[in-house]
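In this note's numbering, the protein residues as written are 1148 to 1476.
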Ligand code: AMP
Ligand code: TRP
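Right under this line is the structure:
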């Protein structure tokens, strides 16, 4: 391990990566990785995916799929430790220790749990409830101090801070409290319903997937809801501007569009095709890399295996120290 501060983040293996994930988190993972300022550790958190009743074959496919999407998006195994969560058993081991200090009442407050429990009424399992403890363990097992995630994960990272505090109070100072790192678009809204967060749960019309074809992108952007409420500005137009700004590095042009928007003069008939083209060209190199990776699944598996072994070395050291602190002999 080098001497830089450690960053950890993860993404579930549930369906396709979309531009909300990319702009809210993954693009930032890559920037942080390439800055050379941090030890970056990134994971496909497959144990978290198990908390909803995902069929066996779909789960296995999703794990590889997400690993390839991340490599295509720029996660570089030479610069980051990149691995599959379930390959490092220490995540589950630390979760148990944290389970024994985290109050049930804290976990009952989690909005993601409450939402998912409503969504999956017939499968409110213990794992779904304990999801944030496993997430805290993911972060703390590497003694990470920063976590790049979208806004929806703030409450979970706060719980990880609480877990660190409780551990330190009970067994002596050991964990530093992790902070979140946000992007400019920590909460991208759904294209078909800008009152809701862009999400896999809302179906493909709500998001642009990283592997959508140019035709699909054009179609989704042209149908994207803009401003509702009798000409008053709602969130839809602003959301499209945010998307544009995140993909285009030209301040002059984005400022012009923002001003037009503010004055109610933004011409969507012109702006939308431009936005679609901007997204199409930004995703093109990522899609090409992805196609190359698909030809070589053995390379991907090898990368993941090597990543797990590096991750395990750090996690095992933490668990050894944690056990000593706790009094396990
Ligand atoms: P998930 O797919 O739920 O595992 O999320 C992976 C990452 O993407 C997390 O850091 C989320 O906070 C982030 N994310 C998910 N949806 C959005 C969104 N609509 N806007 C911004 N970030 C998001
Ligand atoms: N809960 C996160 C999400 O839904 C995924 C995740 C699991 C995570 N463990 C993590 C993110 C640790 C950051 C750090 O997006």
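Quick reminder that beta carbons are idealized off the backbone N, C-alpha and C, glycines included.
Just list the residues that DSSP pairs residue i with in beta bridges.
i            : result
residue 1292 : Paired residues: none, contrary to the question.
residue 1189 : 1156 and 1229
residue 1165 : 1356
Do residue i and ligand 4 come close, with the Cβ less than 7 Å from some heavy atom?
i            : result
residue 1299 : Of the ligands one can find in the structure shown, namely ligand 1 and ligand 2, none is ligand 4.
Can you give the Cα-Cα distance for residue i and residue j, rounded to whole angstroms?
i            : j            : result
residue 1385 : residue 1316 : 45 Å
residue 1212 : residue 1163 : 8 Å
residue 1401 : residue 1150 : 39 Å
residue 1294 : residue 1427 : 29 Å
residue 1433 : residue 1225 : 18 Å
residue 1422 : residue 1457 : 41 Å
residue 1165 : residue 1356 : 4 Å
residue 1424 : residue 1394 : 10 Å
residue 1382 : residue 1364 : 20 Å
residue 1459 : residue 1160 : 20 Å
residue 1284 : residue 1199 : 19 Å
residue 1242 : residue 1192 : 14 Å
residue 1462 : residue 1291 : 11 Å
residue 1311 : residue 1333 : 24 Å
residue 1347 : residue 1210 : 16 Å
residue 1247 : residue 1473 : 11 Å
residue 1271 : residue 1239 : 20 Å
residue 1174 : residue 1227 : 14 Å
residue 1207 : residue 1412 : 48 Å
residue 1471 : residue 1319 : 11 Å
residue 1436 : residue 1172 : 19 Å
residue 1259 : residue 1267 : 12 Å
residue 1380 : residue 1415 : Low per-residue confidence applies at residue 1380: pLDDT is 42, beneath 50, and the placement is therefore not dependable, though the value from the model is reported in the following sentence. The alpha-carbon atoms of residue 1380 and residue 1415 are separated by roughly 13 Å.
residue 1406 : residue 1157 : 37 Å
residue 1313 : residue 1249 : 8 Å
residue 1373 : residue 1390 : 13 Å
residue 1377 : residue 1369 : Per-residue confidence for residue 1377 stands at a pLDDT of 41, beneath the threshold of 50, marking its modelled position as unreliable; no derived number is given.
residue 1387 : residue 1167 : 12 Å
residue 1367 : residue 1467 : 51 Å
residue 1264 : residue 1429 : 36 Å
So residue i and residue j are in contact, right, with Cβ under 8 Å, and what is the actual spacing, rounded?
i            : j            : result
residue 1447 : residue 1218 : 7 Å
residue 1371 : residue 1235 : Contact flag wrong, Cβ pair sits at about 40 Å.
residue 1188 : residue 1289 : 5 Å
residue 1353 : residue 1339 : 5 Å
residue 1303 : residue 1279 : 5 Å
residue 1177 : residue 1222 : 6 Å
residue 1180 : residue 1153 : With 8 Å as the limit, residue 1180 and residue 1153 do not qualify as a contact, their Cβ atoms being about 12 Å apart.
residue 1309 : residue 1255 : That pair is no contact at about 13 Å.
residue 1343 : residue 1335 : About 11 Å; that fails the 8 Å criterion.
residue 1441 : residue 1215 : 7 Å
residue 1196 : residue 1230 : About 15 Å; that fails the 8 Å criterion.
residue 1286 : residue 1155 : 5 Å
Answer yes or no: does any C-beta atom of chain D fall closer than 8 Å to that of residue i?
i            : result
residue 1315 : No chain D is part of this structure, which consists of one protein chain only.
Alpha helix (DSSP H) runs contained entirely in the region 1307-1375, provided each spans 4 or more residues: Within the region 1307-1375, the complete alpha helix (DSSP H) runs of at least 4 residues are 1361-1370.
Contained alpha helix (DSSP H) runs [length at least 4] in the region 1377-1425, N- to C-terminal order: 1382-1394 and 1398-1409
Residue ranges of each alpha helix (DSSP H) within the region 1249-1276, 4 or longer: Counting only runs of 4+ residues, the alpha helix (DSSP H) found wholly inside the region 1249-1276 occupies 1251-1255 and 1258-1266, in chain order.
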